[in-house]
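Before any comments, here is the structure.
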Amino acid sequence: MTGRRPLVPLTAGAVLLVAAGWVVGFTGVFGVRHVVVNGVTGTVTVETVQRAAAVPLGDPLARLDVSGIAGRVGRLPGVAHVRVSRAWPATARIDVVERSPVAVVPDGPALWLVDVDGVLFERVKVVPATLPRLVLVHPHQIGLAGRAALTVLGALPSAIRAKVSVVEAPTGYSVTLGLRDGRTVVWGGADDSALKARVLAVLLARPGSMYDVSTPSVAVVR
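Position 169, counted from 1, in the sequence shown is what the numbering used here calls 531; the numbers after and before it change by one each time, with no gaps.
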């Protein structure tokens, strides 16, 4: 009989664990009461994220479908990345990384913000003063030409990028930059963009109206 006595507290402990698990996972005691959204600055709003998330308030936090919520929020055009987590005892936390525009793509009368990944994510009424226009033959399809242009923009030092008013890319191998002061940069393809950017930074100190860095080893100023 004495050898069996330890079974009683073990069984009681197991019952307590099961009861605790049931309370946490199948009742509203630890239900979702709050939804906190972090990382939004204007491209998307807290309200937009909350509507897309559709978090079931009152449901047990332990059973929160974090992957489903992340999937719904991630489909918002202005969201680049999203992470959903549980913050005990009663909060669903949604951390958002918004898409950041690098240019504006004209498409007929429409103007679209585009990010570094080539995603057209927001329509605007005017071109923001800090962004260049990206002119493409097929603006609704970023394609090779658009990606080449975005690579070029990404390679430019911020001081030079701020001087660019328009990027024209009829093909992926014929990118040109129009500067705000009227000067033109012939870039060519996106290959060797880092080197071309360094060469351009030196050449812009020289007087001229056209700077050709398409072959950076023999760059030309006219």
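Beta carbons are placed, not taken as given, at the ideal position from N, Cα and C, and that holds for glycine.
Check                                                                                                        : Outcome
CB contact flag (S555, V514, <8 Å)                                                                           : yes
Nearest-angstrom beta carbon gap, L423 and A442 [assumed within contact, 8 Å]                                : Between L423 and A442 the Cβ distance is about 26 Å, and since that is not below 8 Å, they are no contact.
Distance CB(P578)-CB(K558) smaller than 8 Å                                                                  : yes
3 or more residues per run - each beta strand (DSSP E) lying fully within the stretch 511–562                : 526–531, 537–541, 546–550
Below-8 Å beta-carbon distance, Q503 vs any chain C residue                                                  : Of the protein chains in the structure, only one exists, and it is not chain C.
G387 classed as buried or exposed, judged by whether at least 16 other C-beta atoms fall within 10 angstroms : Unreliable placement is indicated for G387, whose pLDDT of 43 sits below 50; the coordinate value is still reported in the next sentence. The residue is exposed, with fewer than 16 neighbouring Cβ atoms inside 10 Å.
P490 versus P418 - alpha carbon distance                                                                     : 38 Å
Any 3 or more C-beta pairs closer than 8 Å across the stretch 512–527 and the stretch 459–473                : yes
Residue burial classification, T403 (beta-carbon count within 10 angstroms, cutoff 16)                       : exposed
8 Å contact criterion, which Y343 and G550 should meet: CB distance rounded                                  : Residue coverage of the chain in this structure runs from 363 to 584, which leaves residue 343 outside it and unanswerable.
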